[in-house]
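Okay, structure first, notes after.
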Amino acid sequence: MKQKGGSERSGTEKTVCIKEVVAEKALPETVSGCETGKGCERSGACNAQRFTEKAKAAVKEIVAQNRNILLSIGVLVLLFALMATSLSSCAALFQGSSNAIISTSYSSEDEDIYAAENAYVALENALNEQINQMKANHSDYDEFQFQIDEIGHNPYQLISYLTVKYGGFTYAEVADEIQEIFKEQYGLYTDSTRETVTEKKTVRVGESLGQVVTSGYCNCPICCGQWSGGPTASGAYPQANHTIAVDASNPFVPMGTHVIMNGVEYVVEDTGNFAQYGVQFDVFYGDHASASAHGHQTWEAYIADSNGSQEVEVTTTREVNRLDVTLTNHNLDAVLRNRMTDKEQEQYDAYNKYYGNRDYLFDLNTIPTGGAGFGYDIPAEALSDPQFAKMIREAEKYLGYPYVWGGASPSTSFDCSGFVCWVINNCGNGWNVGRTTADGLRSYCSYVSPSDAKPGDLIFFQGTYDTPGASHVGIYVGNNMMIHCGNPIQYTSIASSYWQQHFMAFGRLSLEGSEQEMNMRLKKVLDDIQKTENKILELQEHVRQLRIQKKQMEDAEIIKAIRSMKMDSRKMLTFLDGIQNGTVTMQFDEEGNLSMDNSETGIKKEENMDSEMSTGLIEEREDLEDEE
Numbered sequence: 001m002k003q004k005g006g007s008e009r010s011g012t013e014k015t016v017c018i019k020e021v022v023a024e025k026a027l028p029e030t031v032s033g034c035e036t037g038k039g040c041e042r043s044g045a046c047n048a049q050r051f052t053e054k055a056k057a058a059v060k061e062i063v064a065q066n067r068n069i070l071l072s073i074g075v076l077v078l079l080f081a082l083m084a085t086s087l088s089s090c091a092a093l094f095q096g097s098s099n100a101i102i103s104t105s106y107s108s109e110d111e112d113i114y115a116a117e118n119a120y121v122a123l124e125n126a127l128n129e130q131i132n133q134m135k136a137n138h139s140d141y142d143e144f145q146f147q148i149d150e151i152g153h154n155p156y157q158l159i160s161y162l163t164v165k166y167g168g169f170t171y172a173e174v175a176d177e178i179q180e181i182f183k184e185q186y187g188l189y190t191d192s193t194r195e196t197v198t199e200k201k202t203v204r205v206g207e208s209l210g211q212v213v214t215s216g217y218c219n220c221p222i223c224c225g226q227w228s229g230g231p232t233a234s235g236a237y238p239q240a241n242h243t244i245a246v247d248a249s250n251p252f253v254p255m256g257t258h259v260i261m262n263g264v265e266y267v268v269e270d271t272g273n274f275a276q277y278g279v280q281f282d283v284f285y286g287d288h289a290s291a292s293a294h295g296h297q298t299w300e301a302y303i304a305d306s307n308g309s310q311e312v313e314v315t316t317t318r319e320v321n322r323l324d325v326t327l328t329n330h331n332l333d334a335v336l337r338n339r340m341t342d343k344e345q346e347q348y349d350a351y352n353k354y355y356g357n358r359d360y361l362f363d364l365n366t367i368p369t370g371g372a373g374f375g376y377d378i379p380a381e382a383l384s385d386p387q388f389a390k391m392i393r394e395a396e397k398y399l400g401y402p403y404v405w406g407g408a409s410p411s412t413s414f415d416c417s418g419f420v421c422w423v424i425n426n427c428g429n430g431w432n433v434g435r436t437t438a439d440g441l442r443s444y445c446s447y448v449s450p451s452d453a454k455p456g457d458l459i460f461f462q463g464t465y466d467t468p469g470a471s472h473v474g475i476y477v478g479n480n481m482m483i484h485c486g487n488p489i490q491y492t493s494i495a496s497s498y499w500q501q502h503f504m505a506f507g508r509l510s511l512e513g514s515e516q517e518m519n520m521r522l523k524k525v526l527d528d529i530q531k532t533e534n535k536i537l538e539l540q541e542h543v544r545q546l547r548i549q550k551k552q553m554e555d556a557e558i559i560k561a562i563r564s565m566k567m568d569s570r571k572m573l574t575f576l577d578g579i580q581n582g583t584v585t586m587q588f589d590e591e592g593n594l595s596m597d598n599s600e601t602g603i604k605k606e607e608n609m610d611s612e613m614s615t616g617l618i619e620e621r622e623d624l625e626d627e628e
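Next up, the structure:
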């Protein structure tokens, strides 16, 4: 998962897409069931009928085989006459039990039940495929962000509802309502966004920076305005085939970086304001005509071997046309209850409790729980692990927090990897994985087979949206449950068909006291040291350049001042000897005036730096230089 800079919207386009699924995936008039021929043989009503018939047959057989014995004990029948009332009560009790079975049993044929369920699954599969094809069907977008709730439902809830509403239904009778229920459960939306994205990465010495856009400039007023003729931002004076500039607000590489382009090694010594034009480097030329002729050229750039660091941080800024894709699952159970009266809900609950007395219809081990939401209780034996206990204590603080793409803290909320990273880093186990993606978290884990998975392991999924490697991650809590950042952060069963379809692997964190952790920390320390040293070198070089500039300016002013004294050659040599042996001192005041003090004569003389030099003085100085 990616980090973004500030965004700038140039317009949004929001689209509701769930109707497309229903339209494109038109339900057939009949949907074949997974199993047929079972009918009502296994329903509670049929079972009761068959039991009665078998009981009658058994009585007839006993009477035929034991006629004489039954006659001898006939008198005993009279003794039970007084028990007729009790027997009638027992009969009523049996009848009530039979009615209870009938009232909680599905009355539809298995074939129609399977047809209804398969139609609903077909709609969900079409929806999942529509999400997976978003990139292929929207090739005009540079980037995609997916916020996807899980796709799945409890089939018994669907059939229980249809039984409440229709009794013994056929698929044809409920086909239209199945589509309506589907559109209420799921909402698929797309939103178009244009934003400016700033990204940072490190490039090793000798590696390519890729294709960069360059422009040209010189030290004239047209190119540099008020700064024309002066030094660069680094303090050094620009040189052709040497100096390049980066944007001041978004520098492509740090100041002082050596870059090779077109076989020439350039040094970043200056800054400008040209990133808005898509330019990474401004190349210095000695004259304006050459700078103007450069225009915009695309060159391949490399980090030069002469860089002191083995890595250079590169900053890129680009305009991105992004498509945000959001899928919401409003929970089938909640949707169905909104369509029923209180009395119908009671009957619905009874069907669900006993699975319509047909628990063979669907695999009970893979039925989604509908999300345990916020009320799941962690088993006590799991909490006996102190590390897991700390993890879950931190994780449960954020139950109910919404899903936010790129979110990585309570202040911004979280995405799936941001949530897991935060829990790992802040649970008090002494772990630190930084901020990484779902696939990045796999590098901190060792593989664990599903049979050996335990609470505290990470669970990875793939293909929940179009991205390589792991696309989703959660924290396993045992009993086929995980806590993860869906929408919102919640407990969810991983036994549903959706999560089983996208399951990738379990991973066990291997951080504490590990060589990997030590290497990671050491690398971070070394990187910090290297960055600090590079910064120090940059500042030292900047100070050196400023001192050179200061010395050049002072020397120029001293020469001007000496020439203005109108001394002959002999006096000039005496004066220079005085400066050398320290009897004559020179210094500048705040106004730029030069002050000279001769300790031998006690003479102090001030000369204005701006005094004019005569042609005769220049000639005297030239004669003096010849004599020297």
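Oh and the sequence shown: position 30 is 30 in our numbering, straight run, nothing missing.
A virtual CB, placed ideally from N, CA and C, is assigned to each residue, including glycine.
For residue i, count neighbouring Cβ atoms within 10 angstroms of its own Cβ and tell me buried if that reaches 16, exposed if not.
i	result
N154	buried
N534	buried
L526	exposed
Y285	buried
L509	buried
E381	exposed
L364	exposed
R563	buried
N137	exposed
L522	exposed
Y277	exposed
V264	exposed
G492	The sequence given here places Thr at residue 492; Gly does not occur at that position. The residue is buried, with at least 16 neighbouring Cβ atoms inside 10 Å.
D332	Inspection of the sequence shows that residue 332 is occupied by Leu rather than by Asp. That one is buried.
H472	buried
E41	At E41, the pLDDT of 36 sits below 50, so the modelled position is not reliable; the number obtained from the coordinates is stated separately. Classification of E41: exposed, given that the 10 Å Cβ count is below 16.
T202	exposed
K537	Reading the sequence as shown, one finds Leu at residue 537 and not Lys. With fewer than 16 other Cβ atoms within 10 Å, it is exposed.
A408	buried
I548	exposed
Pick from the options: whose alpha carbon is nearest that of residue i?
i	options	result
R339	Y217, I181, T104 and S208	I181
E192	N321, Q500, A136 and G463	A small correction: the amino acid at residue 192 is Ser; Glu does not occupy that position in the sequence shown. The shortest Cα separation from S192 among N321, Q500, A136 and G463 belongs to N321.
A248	V267, V259, Q239 and F281	F281
C223	E554, N273, Q540 and I151	N273
S105	L162, N137, S139 and E117	L162
S103	Q297, C220, D112 and A350	A350
L511	Q490, G430 and V283	G430
E117	D452, G486 and Q157	Q157
Q552	E20, I378, F362 and G235	G235
G486	E538, V423, V404 and R442	V404
I559	I579, V335 and E541	I579
R358	E20, C17 and Y114	Y114
G152	A495, R570 and M565	A495
D342	E311, I489, Y237 and V164	V164
V212	E173, V259, Q239 and R547	V259
Name, in chain order, the residues that DSSP records as bridge partners for residue i.
i	result
S281	Reading off the sequence, residue 281 comes out as Phe, not Ser. Bridge partners of F281: T214.
T258	This sequence places His at residue 258; Thr is not what is there. Paired residues: V267.
Q157	BP columns for Q157 are empty, so no partner.
A301	G210 and M261
R322	E143 and T193
I244	V268 and V283
E313	T202
F414	Y403 and A408
S249	According to DSSP, S249 bridges with nothing at all.
N329	Y186
C445	L509
I148	L327
Touch test, the region 385-392 against the region 436-456, Cβ-Cβ under 8 Å, three pairs minimum:
With the cut-off at 8 Å, the region 385-392 and the region 436-456 touch.
Ranges of the alpha helix (DSSP H) found wholly within the region 458-543, counting only runs of at least 4
497-502
Three CB pairs or more closer than 8 Å across the region 415-427 and the region 437-449
yes
Length-filtered (3 minimum) beta strand (DSSP E) runs lying within the region 175-233
186-204 and 208-217
Decide if the region 288-295 is in contact with the region 199-219; the criterion is three or more beta carbon pairs, one per stretch, under 8 Å apart.
The region 288-295 is in contact with the region 199-219.
Meets three-Cβ-pair contact criterion under 8 Å: the region 323-341 and the region 139-152
yes
Measuring CB atoms only, is the region 299-313 touching the region 234-249, in the sense that at least three cross pairs come out at less than 8 Å?
no
Enumerated in chain order, which unbroken segments of the alpha helix (DSSP H) with a length of 4 residues or greater are wholly contained in the region 541-579?
Entirely contained in the region 541-579, not one alpha helix (DSSP H) run reaches 4 residues.
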